[in-house]
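Undergrad:
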Ligand SMILES: Cc1cc2nc3c(=O)[nH]c(=O)nc-3n(C[C@H](O)[C@H](O)[C@H](O)COP(=O)(O)OP(=O)(O)OC[C@H]3O[C@@H](n4cnc5c(N)ncnc54)[C@H](O)[C@@H]3O)c2cc1C
Ligand code: SF4
Ligand code: FES
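Chains as they are written, first to last, in our numbering: chain A, 6 to 245; chain B, 5 to 582.
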C-alpha cells in the first residue's frame, strides 16, 4: 500500500515559518506510523526530526497530531488511519507547546506543571512491618491513572489550554488524583495551593477531549472531577 | 561548555535513577540522559521484580540465589547472587514505601506470581516470587524512582547524549556529551562517573528493545580500553510478537499460559518435564526453534520466521484485564488478536544482554583478570556485568539488579567522592568527539547509515542468534568488520545543529557496530554451549575448559580475549536439568 505523509517541517535555524513536505512511502498492513517515519529518515530524508524510543506505546516519546487528532505514532497503524481518512496522512506537532523542530516540541512547561503537583507519595509515618497494607479495592481506585506515560497528548487535545495557557492541564491533575486517591498518601494539604487555584483544577469544563486522546485509556475527565470533589470535601473517594 | 560535578550519572532508567537518589544525598550530582528520564526502557518492563517475600507461599533468599546461579548455568558469581537475593526483600519494601502501587493479595500484601526458573526448595517446582504491578512493573518502578528524584530535587540534564569518556591513565575524569536541543558539545568533569545506559538489543533485527537501546555506555568504555565481559551471552526471549519483536511477558505463562505447536501439542512437556512452560528462557527459546525446524511451527514450512502459539484463552477475561492489560492491548493493537479468544502468534526476540561492563558488587568497574579497579568509574543495570545473570538471566532478576546494584553503586560513590580529588581537565578532553562529529558533518557526500544498520542487524540475527556455529559466526565477524570499514565513509545528511537526530543516530550506529563485533568475536571464541550461548558444533557445557568469564578488549577493529575466574564458592556446578 502506498501512502503520502504530509508532514509539518520547521527548523528554527533556517526557516521563518513552518511549511509542509510530502513523502511517499509503501507500507505493509501491520506497519505503524512510526515505521513509516523511520523509513523516511533512514532512506529518504535524514533531516526529518521526531522523537521515538520504545515503539510500542509505553514511553510517551512520539505523541503528535495525526490528521488533527492527538496520538502516538507507534500505536497507530497506518492501515487504520488510511481506511478512515484516506491514504494522505497529515502529521503536525503537539499543540500548546513550543515547536523546537519538525515534530519535536519543548515539553519543559508540561513537565514543570507535572512537578508542581508534587507527584510523589507524601507520608512521613513510620512503616511498621516492611510493607504498607492496601486492599485490592483501594488499590484499584486509582489504577488507571498509574498508566500515564506523560506523553502530553491530552495537553495538546485540551481546548482550555488554548484559551488559558496557565491551566495546569489534564495530565498534571490526573497525576494529583493518582496520589490523593491512594490510601497511603497524606498530601492534600501540600498539594491544595496548586490545585485549588484559578489555574489549578477549576478551568476544566468537561470537554472530554483529553479522555478521547489518551493512548493509555485513562478516564482523565472523571479523575479531574473527582479531584474537584476531593478539594471541596477534603476526603478520599470510596469507589472507582 | 564545561561543567564540574562530584558525580555524573549517565542514564536515567531504573539503575541510574536509584544511584542518583543515593549519590545526590551526599555529593553534587548530575544525571545525563539522552531521553527524558520517564522515556527510558525500564518503563517497558512488564512482568515483575523478584524477591523472596514469601507473601503467598514459603520462600527464602537462599532458594532464590540457587535458582539464579543454576539459571545462569553456573557462570554467575555466587557471592554477588547472594547479595542480590538477600537485599531483594528490603529493596521491594523500599519501593512499596516510596509509593509503588503493587498488585495486592486479599490480605492487602504485595501479590506475587510465578516466573520462569524460580523454584521452591532447590528446584522442586515453581514458586510465586515475582512482585508485580499488573504488567507494567517496570513502568511503575521508573515512575516511582523519577518521582522520588523530583522530591529530592536531583539535577537532570535531559536529552544530553554522552559520546566519550575522559580517562587519565586508570582514573576517570568525566564525560563528553552532545546537547540535543542545541547540538553543542559539553564537558562534564567529575570525580565519579556511573554508566547506566541500559541494553543493546538493537544489534539484532527482531528485538524487544527500544530504539534508544544502542549500548553507548559499553561502547564508549570499550573504545577507552575497558574490557567487556561475557558479551557472547545474549538472551532471546521466547515470546515476542510475530514480526515485531514486541515482548509478551513471561507473566502470561506465569499466570498459566501454554505454548503449543501446530498440532496443538504442549511441546514443553517433552523438553522440561518439571517446569514445563516456565523453564528458563534459553531452554524455551531453543525448544521453540527446534519445533519450528522440525516442521511443527504453525505454518510448518521450517523457515526461520515460522512461529508457535501462546495460548492464554483459558485464563479468562477477568484475569487478563486485572493482571495482563497492556499485553492484551498490544495483541489487539498490533495483531488484531484478542488473547481471550485466540492464541497469540509468537517467536523468540532478542531481549537482554547478560554481558557488559565488568564491575564488583559496589558497581566499581574492573579492567583486568586480576580485578583491578578503575578509579572513579562505575556501572550498573543492564549495561553492567556484576555478574549475577551468568550465561542466562532469569525473568524478574533484571529489575532487581537495577535497584540493588544501582543503590549500592550510588552509596559507594557517595563515600568515594568525599575522599577523591578531581582530576584537572585537559583542554583537549572534547577533541576526539569534536573531530568525529566534524568528520560526520563535513558536508562531503557519503552513504547514509541506514543500510549499514540493516545489514548489521540481519547478520547478527541470522548468524549470532539462538543456535550458533563457527562458520556462521566467522561470517558475522567478517561482515561487521566490513561494515565498520564502510562506516568511515558515512556522512550525516542533516545540516542542522539543533535536534540533529541524524547525527545522533549515526553515533549510536557506531556503538552498535563495536558491540556487534565484540559479541560475535566473543561467541566465536567460546567453544562450548552454556546458557544462552548454544553451539551446534560444541553442544555440551565444558566446565574444565570454559567455567570462566570472557573479558574482551576492543582494539581498533580487532578483539583481544582474556578471561576471569568465576566465583563458585557456594554451589558446585552440576548438570542443569529442569
Ligand atoms: C520489553 C521488556 C520487558 C522486560 N520485562 C522485565 C521484567 O518483567 N522483569 C525484569 O526484571 N526485567 C525485565 N526486562 C529487563 C529490564 O527491564 C531491563 O534490563 C532494565 O530495565 C534496564 O534498565 P537500565 O536502568 O539498565 O537501562 P534503561 O532503563 O534502558 O535506561 C537506559 C538509560 O540510559 C540513557 N542513555 C543511553 N545511552 C546514553 C547516552 N549515550 N548518553 C546519555 N544517556 C544515555 C537512556 O536515556 C536511559 O535513560 C524487560 C526488558 C524489556 C525490553
Ligand atoms: S494522561 Fe494519557 S494522554 Fe495525558 S500524558 Fe498521561 S498518558 Fe498521555
Ligand atoms: S515510541 Fe514510545 S510511545 Fe511511541
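Just so you know, even glycine gets a beta-carbon here, dropped at the ideal spot from N, CA and C.
Remember, it's a predicted structure, so these values are computed and weren't measured experimentally.
1) Residue 259/B: which of 316/B, 95/B, 229/B sits nearest, CA to CA?
2) Could you round the C-beta distance between residue 193/B and residue 7/B to whole angstroms and report it? I think they count as a contact, below 8 angstroms.
3) In the DSSP assignment, the beta strand (DSSP E) including residue 478/B goes from what residue to what residue?
4) Strictly under 8 angstroms for the Cβ-Cβ distance: is residue 109/A near chain B by that measure?
5) Assign residue 193/A to one of three DSSP states: helix, strand, or coil.
6) Quick one: does residue 154/B have its CB under 8 angstroms from some CB of chain A?
7) Ligand 1 heavy atoms versus the CB of residue 81/B: any closer than 7 angstroms?
8) Is residue 42/B close to chain A, meaning its C-beta is less than 8 angstroms from at least one C-beta of that chain?
9) Which residue from 513/B, 563/B, 570/B puts its Cα closest to that of residue 221/B?
10) In the structure shown, what three-state DSSP assignment does residue 56/A receive?
11) According to DSSP, is residue 511/B part of a helix, a strand, or is it coil?
12) Report all residues from its chain with a CB closer than 6 angstroms to the CB of residue 360/B; omit the five preceding and five following residues, and keep chain order.
13) From the DSSP output, in three-state form, read off residue 409/B for me.
14) Would you say residue 100/B faces chain A, with C-beta separation under 8 angstroms as the test?
15) Cβ closer than 7 angstroms: which chain A residues qualify as neighbours of residue 501/B?
16) Under 7 angstroms from any heavy atom of ligand 2, does the C-beta of residue 221/A make it?
17) Ligand 4 and residue 162/B: does any heavy atom of the ligand fall closer than 7 angstroms to the residue's C-beta?
18) Please list the segments of the beta strand (DSSP E) lying wholly inside the stretch 548-582 of chain B, counting only runs of 3 or more residues, in order along the chain.
19) Give me the chain A residues within the contact set of residue 498/B, using Cβ-Cβ distance strictly less than 7 angstroms, ordered along the chain.
20) Is it buried or exposed, residue 136/A, if we count other Cβ atoms within 10 angstroms and call 16 or more buried?
21) List the endpoints of the continuous alpha helix (DSSP H) containing residue 37/B.
22) Tell me, please, whether the stretch 157-171 of chain A touches the stretch 56-76 of chain A by the rule of three or more beta-carbon pairs shorter than 8 angstroms.
23) Name, going along the chain, the residues of the stretch 188-204 of chain A whose beta-carbon falls closer than 8 angstroms to a beta-carbon of chain B.
24) Residue 225/A: beta carbon under 7 angstroms from a heavy atom of ligand 2?
25) Could you give the distance in angstroms between the alpha-carbon of residue 23/A and the alpha-carbon of residue 29/A?
26) Verify the contact flag: residue 157/A, CB atom, against every heavy atom of ligand 2, threshold strictly below 7 angstroms.
27) Helix, strand or coil for residue 135/B? Go by DSSP, reduced to three states.
28) Closest to residue 410/B by C-alpha separation, out of 354/B, 20/B, 11/B, would be which residue?
29) Who are the near neighbours of residue 497/B in its chain, counting only those whose CB is closer than 7 angstroms to its CB and skipping five residues on each side?
30) Give the residues from the stretch 189-219 of chain B that approach chain A closer than 7 angstroms (Cβ to any Cβ), ordered along the chain.
31) Assuming residue 32/A contacts residue 69/A under a Cβ cut-off of 8 angstroms, what Cβ separation, rounded to an integer in Å, is found between them?
32) Can you tell me whether residue 462/B is buried or exposed? The criterion is at least 16 other CB atoms within 10 Å of its CB, across all chains shown.
33) Residue 26/B and residue 414/B look like a contact to me (Cβ under 8 angstroms); what is the Cβ gap, rounded to whole Å?
34) Compile a chain-ordered list of the residues in the stretch 48-78 of chain A whose CB is closer than 9 angstroms to at least one CB of chain B.
35) Which of the three DSSP states is assigned to residue 156/A in this structure?
36) With a threshold of 16 other CB atoms inside 10 Å of the CB of residue 281/B, please say whether the residue is buried or exposed.
TA: So, to answer that:
1) 316/B
2) 7 angstroms
3) Careful: residue 478/B lies outside any beta strand (DSSP E), inside the alpha helix (DSSP H) at 474-491.
4) yes
5) helix
6) yes
7) no
8) yes
9) 513/B
10) coil
11) helix
12) 222, 387, 388, 389
13) helix
14) yes
15) 18
16) yes
17) This structure lacks ligand 4; the ligands present are ligand 1, ligand 2 and ligand 3.
18) 552-559, 562-569
19) 51, 52
20) buried
21) Taken as a continuous stretch (DSSP letters only), residue 37/B belongs to no alpha helix (DSSP H), being part of the beta strand (DSSP E) at 33-37.
22) yes
23) 189, 190
24) yes
25) 20 angstroms
26) yes
27) strand
28) 20/B
29) 452, 506
30) 214, 215, 216
31) Incorrect: roughly 17 angstroms between the Cβ atoms, too far for contact.
32) exposed
33) 3 angstroms
34) 48, 50, 51, 52, 53, 54, 55, 56, 57, 58, 59, 60, 61, 62, 63, 64, 65, 66
35) coil
36) buried
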